[in-house]
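Scroll down for the structure; my scribbles are underneath it.
In our numbering, the protein residues as written are 194 to 725.
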């Protein structure tokens, strides 16, 4: 049975807000009361899912002003100037949340009571960059948009150029809600929809009207978008699910190369495990794709069916020399860049369309930015007189036409050795043969669960690995006396440990065992054999 309070909150949020404000209490505390009140009404998933969701299928202009809406978004800019508002209108009713924006009684020249002035935080949020349609609650509706979405008035604030998206101004009245929010965080913002001016520092440019949500409450979204569990339960044995997943990726995207497909699986599950010491995502370079300027690698289409957030950075001279890769503040307005992506994203850097020519100074900076982000998992935000580094957590997969990447150093390189003449490119995703929805769900569950895994290592296994490494190093030194090319280094041990943990995660095993360690060694040896 649906409660009348839920019905009223969905249909008349402004009325409920005013009713709450009329209850005697400290007005300074009203924003926190609002957050709790509406958060409690929509605490259950069933109630939460009743809220109209903004998206390309349901753009702001298709809805009635002051509707209750939800926007699943990435926070793009938190440095917007805060706004001052009257917490109480001249008629004694509550102010804020857009309630008094068109109130004629507040437009007179009567003295302002500074005791009722309050501040609300303003941020800019955008559609989640690279979000795969299947991971959105709107993604599989199979219905046409109610109206064609208007182009975002501030398209420079979205990281993926020429991509249709929504950009929305958020006004947050509860300071305790606003304080922890950081750029690239993912949130479901719930509030009252209006159209308000977007103010800039330029005195010559008139304010632009933009979609605005007066936030009532918000929920943070997990980096997997869809909630996952580890270890997860599967209809079939996890080893069987894993093997079928690798075979599907190999057959549909990599001309039957199962070894490359297994390394791709591990790479997309990789994440930041620690900052000190730095245990960062494994970067992978797949080589031997051959050049293509007309079609996309099939791998991008296949992986978009498996991971919730995938951004393709198609390197060309024009992209490298002319576009922006890092966020940059201009006239106190933060412009986005290709790499301003949410934590948990997969970024495919495709070199296959890179043509010959001169890389400009800006291009060199952009290429170096990719390398630095890949190596350090930090991204610079550029301001007029300074720049600051912010932490990221992005998995990188570099696709190269030739035998190696001409621009980037990755921790791992795998040359493609396709066994089928099926081609590596496709103009669009329609040529990809998909498994059943149930099977796809199992694949996504395996990857998503593995992504959140926290793999442990028992002391006895750690000692076994250490002793095994010492033996291997001694054997390699004896075999290659006087040579340096095949010496086993401490870096090899670190990478193999990371691979072993990723293998355990891919099997949904909570710890590294001796069996998994041996499998990690064998997998790495097979990879290295291709490099000879």
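Glycine included, every Cβ here is placed at the ideal spot set by N, Cα and C.
Note that the structure is predicted; figures quoted are calculated from it, not measured.
- Could you please give me the residues that DSSP links to residue 559 through a beta bridge? On the chain shown, position 366 is the one that residue 559 refers to. Beta-bridge pairing links residue 559 to no other residue.
(Q) With distance defined between alpha-carbon atoms, name the residue in 378, 719, 623 and 644 nearest to residue 606. (A) Here residue 606 refers to the residue found at position 413 of the chain shown. The shortest C-alpha separation from residue 606 is found at 719.
Around the C-beta of residue 672, are 16 or more other C-beta atoms found within 10 angstroms, so that it is buried, or is it exposed? As a first step, residue 672 must be located in the chain shown, where it is residue number 479. Looking at its Cβ environment, which holds fewer than 16 other Cβ atoms inside 10 Å, residue 672 is exposed.
### Task
Examine the Cβ distances between the region 444–458 and the region 560–567 and report whether three or more of them are shorter than 8 Å.
no
Inset, instruction - Give the C-beta separation of residue 547 and residue 509 to the nearest angstrom, bearing in mind that I take them to be a contact with Cβ-Cβ under 8 Å. - result: As a first step, residue 547 must be located in the chain shown, where it is residue number 354. As a first step, residue 509 must be located in the chain shown, where it is residue number 316. That belief holds up - the Cβ atoms of residue 547 and residue 509 are roughly 6 Å apart, short of 8 Å.
CA-to-CA distance, residue 389 to residue 404, given in whole angstroms
Position 211 of the chain shown holds residue 404. Position 196 of the chain shown holds residue 389. Computed Cα separation, rounded: 7 Å.
Next on the checklist: Give me the DSSP bridge partner(s) of residue 478.
Outcome noted: Locating residue 478 in the chain shown gives position 285, where the first residue counts as 1. Beta-bridge pairing links residue 478 to 591 and 606.
Short check: CB of residue 622 to CB of residue 485, under 9 Å? Sequence index remark: in the chain shown, residue 622 carries index 429 (1-based). Sequence index remark: in the chain shown, residue 485 carries index 292 (1-based). The answer is no: Cβ separation not under 9 Å.
query: What's the C-alpha gap between residue 369 and residue 523?
result: Taking the chain shown and counting its residues from 1, one reaches residue 369 at position 176. Taking the chain shown and counting its residues from 1, one reaches residue 523 at position 330. Going by the C-alpha atoms only, they are around 28 Å apart.
| request: For the beta strand (DSSP E) containing residue 268, list its first residue and its last residue. | output: As a first step, residue 268 is located in the chain shown; it is residue number 75 there, counting from the start. 261–270 is the span of the beta strand (DSSP E), which, as asked, contains residue 268.
Check your understanding: Given residue 494, which residues of its chain have a CB within under 7 Å of its CB, disregarding the five upstream and five downstream residues?
Key -> As a working note, residue 494 is residue 301 in the chain shown. Around residue 494: 619, 622 and 625.
Query raised in the report: How would you label residue 266, buried or exposed, when you count the other beta carbons within 10 angstroms and need 16 or more for buried?
Result: Numbered from its first residue, the chain shown carries residue 266 at position 73. Buried.
Next on the checklist: Please state the DSSP three-state secondary structure of residue 412.
Outcome noted: Locating residue 412 in the chain shown gives position 219, where the first residue counts as 1. Note: residue 412 maps to strand in three-state DSSP.
Original post:
Considering residue 183, what are the terminal residues of the beta strand (DSSP E) in which it resides?
Top reply: Limits of the chain in this structure are 194 at one end and 725 at the other, which puts residue 183 out of reach.
In whole angstroms, what is the alpha-carbon distance linking residue 686 and residue 551?
Translated into positions along the chain shown, residue 686 becomes position 493. Translated into positions along the chain shown, residue 551 becomes position 358. Answer to the nearest angstrom: the Cα atoms are 39 Å apart.
Name the one or two DSSP bridge partners that residue 576 has.
Counting from one through the chain shown, the residue named residue 576 turns up at place 383. Beta-bridge pairing links residue 576 to 579.
| Spatial neighbours of residue 353 in its chain, beta-carbon cut-off 8 Å, leaving aside the 5 residues before and after | Residue numbering aside, residue 353 sits at position 160 when the chain shown is read from its first letter. So the list reads 322, 323, 504 and 531, once near-sequence residues are dropped.
With the cut-off set at 9 Å, would you say residue 543 and residue 496 are in Cβ contact? Counting from 1 along the chain shown, the entry for residue 543 is found at position 350. Counting from 1 along the chain shown, the entry for residue 496 is found at position 303. Contact flag unset, no.
Open item on the list: Alpha carbons only, please: which of 456, 252 and 703 is nearest the one belonging to residue 643?
Closed with: Position 450 of the chain shown, counting from 1, holds the residue named residue 643. If we check each option's Cα against that of residue 643, 703 comes out closest.
How many angstroms separate the CA atom of residue 724 from the CA atom of residue 649?
As a first step, residue 724 must be located in the chain shown, where it is residue number 531. As a first step, residue 649 must be located in the chain shown, where it is residue number 456. Approximately 31 Å between the Cα atoms of the pair.
task: Kindly identify the DSSP beta-bridge partner or partners of residue 504.
output: As a first step, residue 504 must be located in the chain shown, where it is residue number 311. Looking at the DSSP assignment, residue 504 forms a beta bridge with 540.
**OP:** Would you decide whether residue 482 is buried or exposed? Buried here means 16 or more other CB atoms lie within 10 Å of its CB.
**Re:** Taking the chain shown and counting its residues from 1, the one referred to as residue 482 is at position 289. The residue is buried, with at least 16 neighbouring Cβ atoms inside 10 Å.
### Message
Taking the alpha-carbon of residue 385 as reference, which of 315, 406 and 355 has the nearest alpha-carbon?
### Response
Your numbering for residue 385 matches position 192 in the chain shown. The residue with the shortest Cα to Cα distance from residue 385 is 406.
Can you grab the Cα-Cα spacing for the pair residue 399 / residue 391, in whole Å? Counting from 1 along the chain shown, the entry for residue 399 is found at position 206. Counting from 1 along the chain shown, the entry for residue 391 is found at position 198. Each residue's Cα considered, the two are about 9 Å apart.
Contacting residues, own chain, Cβ-Cβ under 7 Å from residue 209 (five flanking each side not counted): Your numbering for residue 209 matches position 16 in the chain shown. So the list reads 201 and 202, once near-sequence residues are dropped.
I need the straight-line Cα distance from residue 517 to residue 232, nearest angstrom please.
Translated into positions along the chain shown, residue 517 becomes position 324. Translated into positions along the chain shown, residue 232 becomes position 39. Near 38 Å, if we compare the C-alpha coordinates of residue 232 and residue 517.
For residue 573, count the other beta carbons within 10 Å of its own beta carbon; 16 or more makes it buried, fewer makes it exposed. Which is it?
For the purposes of this step, residue 573 is taken as residue 380 along the chain shown, with counting starting at 1. Buried is the call here.
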